[in-house]
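Asks:
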Amino acid sequence: MATYVFCGLSGPVDLLTARSSMPAGVTPRDADYAALVLSFIGEGLVFHAHTHGRAPLDVLIHELLVYVIAAQAACLCVEMAQRSSVVAALSRGYCAVLQGTWLIQIAFVLFDPRKNKRWDPRSERDCMLAATVFAAHMVAALVYVSLLGAIFARRGAVAYYRVPQEPRDEMNGCSDASATRGTIISTFVHSQAHASKK
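All residue numbers for the sequence shown refer to the numbering used here, where the first residue is 1 and numbers rise by one.
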């Protein structure tokens with residue numbers, strides 16, 4: 001529950017920060033990044049405290065998750081300092097994907113619905129297997145984020161051009177936006193004046 005509270009803090013701050021890009025700002029610059037860093041730190045502390053008095057396998061899989069959360073908070077701090085860094089943004093995305101897939105894996109390790117495939121929480125063999133599975137998650141997340149990065153880099157390399165405007169001769173008889181706006185405003189003013197006379 002505490003994890004949801006920390007992550008839920010980030011949403012309203014994001015909304016206020018988006019509104020503060022307007023002239024009368026509500027939040028300081030980078031408040032959205034600071035709230036997200038705070039939520040990851042809180043989430044990491046909750047998962048770290050969750051491991052005390054647990055079986056070795058349970059401790060290991062939660063420690064690995066805490067490492068990913070700490071790495072994500074660090075990547076977020078770097079991204080906040082260097083907004084134009086593609087590596088920082090991709091690293092944060094990598095950590096987010098890794099955190100998500102590892103959370104799903106933790107659910108299957110601890111609460112596998114197949115009764116004959118349960119992990120032994122005190123087995124060293126299962127601890128080593130969990131570390132190997134985590135490494136596989138790291139590789140899979142790296143491949144996924146690299147593919148996304150390559151797709152977006154290729155899309156960014158595509159040149160977009162403006163469609164040429166029609167010549168002024170062909171636009172004779174067409175009204176432009178300023179003329180239309182004036183007509184709408186004058187019609188509204190006249191209708192309001194006519195309504196107030198009644």
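Where is the CB? At the ideal position from N, CA and C, for every residue including glycine.
(1) Got a sec, what are the start and stop residues for the alpha helix (DSSP H) residue 53 sits in?
(2) Is the separation between the beta-carbon of residue 76 and that of residue 54 shorter than 7 Å?
(3) Near residue 103, which residues of its chain fall below 8 Å by C-beta distance, leaving aside the five closest residues on each side in sequence?
(4) Considering only C-alpha positions, which residue in the set 140, 52 and 106 is nearest to residue 94?
(5) Do you know whose CA, among 96, 7 and 58, lies nearest residue 130's CA?
(6) Run through DSSP, which three-state label would residue 113 get?
(7) Exposed or buried, which one is residue 147 when buried takes at least 16 other CB atoms within 10 Å?
(8) Spell out whether any CB of chain D is found under 7 Å from the CB atom of residue 78.
(9) Since residue 106 contacts residue 73 with CB under 8 Å, what's their CB separation in whole angstroms?
(10) Report the residue from 56, 5, 83 and 136 whose alpha carbon sits nearest the alpha carbon of residue 119.
(11) Here's a check: name, in chain order, each residue in its chain whose Cβ is nearer than 7 Å to the Cβ of residue 127, leaving out the five neighbours to either side.
(12) Could you tell me the alpha carbon to alpha carbon distance between residue 125 and residue 132, rounded to whole angstroms?
(13) Buried or exposed: residue 33, going by 16 or more other Cβ atoms within 10 Å of its Cβ?
(14) Can you give the beta carbon distance from residue 2 to residue 44, rounded, assuming they're within the 8 Å contact cut?
(15) Considering only the beta carbon of each residue, do residue 82 and residue 88 sit closer than 7 Å?
(16) Roughly how many angstroms lie between the CA atoms of residue 27 and residue 13, to the nearest whole one?
(17) Under 7 Å Cβ to Cβ from residue 68, same chain only, skipping five residues before and after it: list those, please.
(18) Have a look at 4, 155 and 136 and flag the residue whose alpha-carbon is nearest the alpha-carbon of residue 46.
Replies: So, to answer that:
(1) Note, residue 53: premise wrong, no alpha helix (DSSP H); not H, not E.
(2) Not closer than 7 Å, so no.
(3) Closer than 8 Å at the Cβ level, and outside the excluded window around residue 103, lie 65.
(4) Closest in alpha carbon position to residue 94, among 140, 52 and 106, is 140.
(5) When only C-alpha atoms are compared, the closest one is 58.
(6) Coil.
(7) Classification of residue 147: exposed, given that the 10 Å Cβ count is below 16.
(8) In summary, chain D is missing from the structure at hand, where a single protein chain is found.
(9) That pair is no contact at about 19 Å.
(10) Shortest Cα-Cα distance from residue 119 to any of 56, 5, 83 and 136 involves 56.
(11) Cβ within range, chain order: 56, 57 and 60.
(12) Looking at the two C-alpha atoms, the distance is approximately 11 Å.
(13) By the 10 Å Cβ count, residue 33 comes out buried.
(14) The pair is not a contact, with the Cβ atoms about 12 Å apart (cut-off 8 Å).
(15) Yes; because the gap between Cβ atoms is below 7 Å, this pair is in contact.
(16) Looking at the two C-alpha atoms, the distance is approximately 8 Å.
(17) Result list for residue 68: 95, 98, 99 and 102, in chain order.
(18) When each option's Cα is compared against that of residue 46, the closest is 4.
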